[in-house]
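**Student:** Next up is a structure, given as structure tokens.
Protein chains: 2
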Amino acid sequence: MMRRLSLEQRRAELIDAAIRVIARDGLATASTRAITAEAGMPLGAFHYVFTSREELISAVIEQVTDEERLAAWFEANLIGEPASLTDILVAGLDAYLRLLETDPGREQALLEVAMHAVRHDQPAVRAQWATYHRAALASLDHAAELAGVRWVEPVERLARSLTASLDGLTIAWLTDRDSEAARAHIRFIARSFAALAVPVVPAAQAPQAPQAPPEHPGGHGREDTAC
Amino acid sequence: MMRRLSLEQRRAELIDAAIRVIARDGLATASTRAITAEAGMPLGAFHYVFTSREELISAVIEQVTDEERLAAWFEANLIGEPASLTDILVAGLDAYLRLLETDPGREQALLEVAMHAVRHDQPAVRAQWATYHRAALASLDHAAELAGVRWVEPVERLARSLTASLDGLTIAWLTDRDSEAARAHIRFIARSFAALAVPVVPAAQAPQAPQAPPEHPGGHGREDTAC
DNA sequence: CCGAATGTTGGACGATCGTCCAAATCGGCT
DNA sequence: AGCCGATTTGGACGATCGTCCAACATTCGG
């Protein structure tokens, strides 16, 4: 029975079920039996699709790219009104925080799986890190374009800092569940990045020393006024 | 046999052994047998000291406060030479990064145990978070005093941001092991915090609007010159 | 120096794990 | 319709887990 599902469908459903189980009860309780039960499949279906539990975990890492974070970021700035870079960054970060508040277990699951991979599956964690990096790059480019600014530091560096800042934001909120403090931290992050951008002047297309930018103001556009 | 060890000594040695095992092979492999073997004790010694494995994990969380991070931070600024706030913060953060580079497994162990506690032992993780917060507070006060500045935002908020930034720094390095990029991120963090401090002027003890500080320069003292 | 009390231990137990495989089931072809 | 090869499955297996406890060792009052 159940011939109706193709191998790829079974594989995808098992991965989804695994994510739900890990989000609900943690990686330790995500046994082959728990996952197949969650997916409504017989136990034998597991090793019919995956050769081992480790392979399923690697598949989870590959599957769960940062698409949600990126989507939340971009959707947050759909409103076409012109805004300061700080506001744009705050909107993007706040969109991610709402995502985190909506489904904390999922983000915690991603963290648990990533930490597992750091120990036991270095290639997978490198790939996931690269995906995160691309998402951060796209977010920074998008924000700079919206605000009409350019970054005064290599955007590659800034992308890594943004990824690290997102992880820090996530861990802190998962630990104390203090959304108000998290939003204060978001403003801190946004202002920190905004301090590293300058308005793009159409005249100055000329090359400029990449390092040692010639004095850049703390912010730009609408100056930050409060906390 | 082995009557020589008191209950407290056994307890402490089991906790240390557990940390070593978790640091080496992860929380999942830290079984009662692995821990007692690491400690050079018979299996029975485990439930002679702890009532359950969960109790041991909680004890690990309580034991491993942030004393190492704090110690590294303060020792980094023992050299009494006057320095800019940015340099002081960089020195403290770099000291922590060296700690992380020296013993990555240990910091990863703390993260794994903390994530476990977020799911299964909320009180323990709250206590650990409070300890982290106190350490961050002390670090910020220490840095401000050394640099002769005061923070223009509530130091409580800044302490939480510092804790989150440290966690983000840790996760990023554990993931890509890129020490150079991590040090660039450290400079980013240091400058971000330095932007939120103003020189303390002995004359101006007068109250000042805590929020909306009257325009503060991006940095202070020695202006940041490069990346 | 010897029982009794205390402290200590290694093996036993039931549960659960990942993995495997022989049997059951199903879809298509004659 | 009835058989056959491919697909699917639930139970079996050995390993390992946390926990417990009867047996062992040690100490000490007498």
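Here the protein sequences come in this chain order: A and B. Take 0 as the starting number for the first sequence in numbering that gives the first Met the number 0 and just add one per residue. Take 0 as the starting number for the second sequence in numbering that gives the first Met the number 0 and just add one per residue. Glycine residues also receive a C-beta, built at the ideal position from the N, C-alpha and C atoms.
For a test of the three-state rule: what should DSSP assign to residue 81/B, helix, strand or coil?
**Tutor:** DSSP places residue 81/B in coil when its eight states are reduced to three.
**Student:** Leaving out the 5 sequence neighbours to the left and right, which residues in its chain are closer than 6 Å to residue 164/B when beta-carbon positions are compared?
**Tutor:** Within the same chain, residue 164/B has close Cβ partners 188.
**Student:** What does DSSP give as the partner residue(s) for residue 198/A in the beta ladder?
**Tutor:** According to DSSP, residue 198/A bridges with 148/A.
**Student:** Just tell me which of 105/A, 186/A, 118/A and 153/A has its CA closest to the CA of residue 183/B.
**Tutor:** Residue 153/A is the option with its Cα nearest to residue 183/B.
**Student:** Using a Cβ distance threshold of 8 Å, determine whether the stretch 93–102 of chain B contacts the stretch 117–125 of chain B, with at least three qualifying pairs required.
**Tutor:** Touching, no.
**Student:** Which whole-angstrom value describes the C-beta separation of residue 157/B and residue 195/B, a residue pair presumed to lie in contact below a C-beta threshold of 8 Å?
**Tutor:** That pair is a contact at about 7 Å.
**Student:** Between residue 180/A and chain B, is any beta-carbon pair separated by less than 8 Å?
**Tutor:** Answer yes: the Cβ-Cβ gap between residue 180/A and chain B drops below 8 Å somewhere.
**Student:** Determine the burial state of residue 107/A: buried for a count of at least 16 other Cβ atoms within 10 Å of its Cβ, exposed for fewer.
**Tutor:** Buried is the call here.
**Student:** Using only the alpha-carbon positions, how far apart do residue 112/B and residue 149/A sit?
**Tutor:** Whole-angstrom Cα-Cα distance: 41 Å.
**Student:** In chain B, which residues lie with their C-beta within 8 Å of the C-beta of residue 168/A?
**Tutor:** Neighbours of residue 168/A on chain B, chain order: 163 and 167.
**Student:** Let me make sure I understand the geometry here. Which of 88/B, 16/B, 5/B and 86/B has the alpha-carbon closest to that of residue 59/B?
**Tutor:** For residue 59/B, the nearest C-alpha among the options comes from 16/B.
**Student:** Rounded to whole angstroms, what's the CA-CA distance from residue 76/B to residue 185/B? Just pull it up for me.
**Tutor:** Their Cα atoms are separated by approximately 16 Å.
**Student:** For chain A, check one thing: does any of its Cβ atoms lie closer than 8 Å to the Cβ of residue 102/B?
**Tutor:** It does not: the Cβ of residue 102/B has no partner Cβ on chain A nearer than 8 Å.
**Student:** Please report the Cβ distance between residue 72/A and residue 91/A, rounded to the nearest whole angstrom; I am assuming they are in contact, meaning their Cβ atoms lie under 8 Å.
**Tutor:** Correct: roughly 4 Å between the Cβ atoms.
**Student:** Between which two residues does the alpha helix (DSSP H) carrying residue 51/B extend?
**Tutor:** Looking at the DSSP string, residue 51/B is not in any alpha helix (DSSP H), and its letter there is neither H nor E.
**Student:** Would you give the residue range spanned by the alpha helix (DSSP H) that residue 15/B belongs to?
**Tutor:** Element bounds for residue 15/B: 6–24.
**Student:** Consult DSSP for residue 154/A and reduce its assignment to one of helix, strand or coil.
**Tutor:** In this structure, residue 154/A counts as helix in the three-state DSSP scheme.
**Student:** Cβ atoms of residue 34/B and residue 13/B: under 8 Å apart, would you say?
**Tutor:** Going by C-beta atoms, residue 13/B is nearer than 8 Å to residue 34/B.
**Student:** Would residue 138/B and residue 161/B be called neighbours here (beta carbons separated by less than 8 Å)?
**Tutor:** Yes. Within cutoff.
**Student:** Between 41/B, 63/B and 199/B, which has its C-alpha nearest residue 126/B's C-alpha?
**Tutor:** Minimum Cα distance to residue 126/B is reached at 63/B.
**Student:** Just checking my contact of residue 67/A with residue 94/A at CB under 8 Å: how many whole Å lie between their CB atoms?
**Tutor:** Between residue 94/A and residue 67/A the Cβ distance is about 10 Å, and since that is not below 8 Å, they are no contact.
**Student:** What residues from chain B crowd round residue 27/A, counting only those whose CB sits closer than 7 Å?
**Tutor:** Per Cβ cutoff of 7 Å: 27.
**Student:** Would residue 156/A count as contacting chain B if we go by Cβ distances under 8 Å?
**Tutor:** It does: the Cβ of residue 156/A has a partner Cβ on chain B nearer than 8 Å.
**Student:** Against residue 175/B, what residues of chain A qualify as contacts under a CB-to-CB distance less than 7 Å, listed in chain order?
**Tutor:** By Cβ distance, chain A contributes 128.
**Student:** Which bits of chain B does residue 111/A rub up against, with CB to CB less than 8 Å?
**Tutor:** Within 8 Å Cβ-Cβ: 114.
**Student:** Counting only Cβ pairs nearer than 8 Å, list the residues of chain A close to residue 124/B.
**Tutor:** Within chain A, the residues near residue 124/B are 174.
**Student:** List the whole-angstrom C-beta distance separating residue 27/B from residue 105/B, where the pair is believed to meet the contact cut-off of C-beta under 8 Å.
**Tutor:** Their Cβ separation, rounded to whole angstroms, is 17 Å, which puts residue 27/B and residue 105/B out of contact at 8 Å.
**Student:** Let me check understanding here. Comparing Cα to Cα, which of 53/A, 70/A and 20/A lies closest to residue 133/A?
**Tutor:** Cα-wise, what sits closest to residue 133/A is 70/A.
**Student:** Can you tell which of 103/A, 129/A, 9/A and 147/A has its C-alpha closest to the C-alpha of residue 55/A?
**Tutor:** For residue 55/A, the nearest C-alpha among the options comes from 9/A.
**Student:** Would residue 50/A be called buried (16 or more neighbouring beta carbons within 10 Å of its own) or exposed?
**Tutor:** Answer is exposed; the Cβ neighbour count stays below 16.
**Student:** According to the neighbour-count rule (16 or more other Cβ atoms, all chains shown, within 10 Å of its Cβ), is residue 32/A buried or exposed?
**Tutor:** Result: exposed.
**Student:** Put residue 63/A into one of helix, strand or coil per three-state DSSP.
**Tutor:** If DSSP states are grouped into helix, strand and coil, residue 63/A belongs with coil.
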